[in-house]
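Single-structure report; data block below.
In the working numbering, the protein residues as written are 185 to 463.
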């Protein structure tokens, strides 16, 4: 499908994307009708409008190319008393949402692409699944994948991108990581988890102390699913399965469990028609 051909609410996504996992459960929670188009991760420039990233959504003829714009459109169109950006908390919510999509996302990228254990558990199986037919035996798929998709170059590019966001103190220049880089990135991630844990102090249920989940909760939900979840039916491997044990962030873990129970993330089976997908 191309953007020009669509006349209905259409969401372009990559199954398992943390940014798609931000908007999919929100669209379902607010009972917004849409049809989903799953994109090949290697062909985003051919099928998507600039900036060639997912999610993108054509909503009643208007093209939305950023996940935050999609959530704001939900607020505008839903007519619900529940708002993702309640006015009294809007500035804090937008700040947390922007941080999640920038600095915090860099930790998702680093741990799922550059850290070997995280890459093997999370991104590598999904790349192989997307690029090579599932009837090809795993050993053969592993052999031919580098000839189809430049895994090493992509991993190096993502590390460089993370450096641009997080700075050279955490990710120094050079193609190879030194002995201090991995431990330093782990300490920095744990510090951010401690900050999020603090946001839930005093019995707060949601990240910015709202009565219902806000855009901040949905933005962080997508990221945390990449760290410790499965991203719903995408069945992505967690890139930092050790995070809850090593952080001791029990309030954040309970928040994550609430989000999973209330807002399941479903990518599969939404390509045939435009409809409300929540039960």
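Yeah, the Cβ is synthetic: ideal placement off N, Cα and C, and Gly gets one too.
Asked                                                                                                                                     : Found
Cβ shell of residue 197 (< 8 angstroms), same chain only, five flanking positions each side left out                                      : 204, 208, 220, 221, 222, 223, 238, 239 and 451
8 angstroms contact criterion, which residue 211 and residue 277 should meet: CB distance rounded                                         : About 18 angstroms separates the two Cβ atoms, so there is no contact after all.
Per-residue DSSP class, three states only, for residue 195                                                                                : strand
Residue 214 beta carbon less than 8 angstroms from that of residue 251                                                                    : no
Where the beta strand (DSSP E) through residue 443 begins and ends                                                                        : No beta strand (DSSP E) holds residue 443; the alpha helix (DSSP H) holding it covers 434-446.
Option nearest residue 416 by Cα separation, candidates 422, 374, 297 and 449                                                             : 449
Residue of 230, 290, 336 and 366 minimising C-alpha distance to residue 411                                                               : 290
Three CB pairs or more closer than 8 angstroms across the region 285-304 and the region 312-319                                           : no
Chain-order list of residues whose beta-carbon lies under 6 angstroms from that of residue 376 (same chain, five-residue window excluded) : none
Touching by the beta-carbon criterion (3+ pairs, under 8 angstroms), the region 414-430 and the region 291-311                            : yes
Residue 387 versus residue 311 - alpha carbon distance                                                                                    : 40 angstroms
Residue 220 - containing beta strand (DSSP E), residue span                                                                               : 219-222
Which of helix, strand or coil DSSP assigns to residue 170                                                                                : Absent from the model: residue 170. The displayed extent of the chain is 185 to 463, so no value can be given.
C-alpha distance - residue 256 paired with residue 456, whole-angstrom precision                                                          : 26 angstroms
Contact set for residue 186: own chain, Cβ-Cβ below 8 angstroms, skip 5 residues either direction                                         : Bear in mind that the predicted position of residue 186 carries a pLDDT of just 40, short of 50, making it too unreliable to give a figure here.
CB-CB length for residue 442 against residue 389, believed under 8 angstroms                                                              : 7 angstroms
8 angstroms Cβ cutoff met for residue 241 and residue 194                                                                                 : yes
Those residues which DSSP pairs with residue 240 across a bridge                                                                          : 196
Check whether residue 385 and residue 392 have beta carbons under 8 angstroms apart                                                       : no
Beta-carbon contacts of residue 336 that lie in its chain and below 8 angstroms, excluding the five residues immediately before and after : 330
Residue 206 classed as buried or exposed, judged by whether at least 16 other C-beta atoms fall within 10 angstroms                       : buried
Proximity of residue 440 and residue 420 at Cβ, strictly below 8 angstroms                                                                : no
Length of the line joining the Cα atoms of residue 370 and residue 430                                                                    : 10 angstroms
Same chain, Cβ closer than 7 angstroms to residue 437, five either side skipped, listed in chain order                                    : 428
Local Cβ density within 10 Å of residue 365, reported as buried at 16 or more and exposed below that                                      : buried
Opening and closing residue of the alpha helix (DSSP H) in which residue 280 lies                                                         : 274-283
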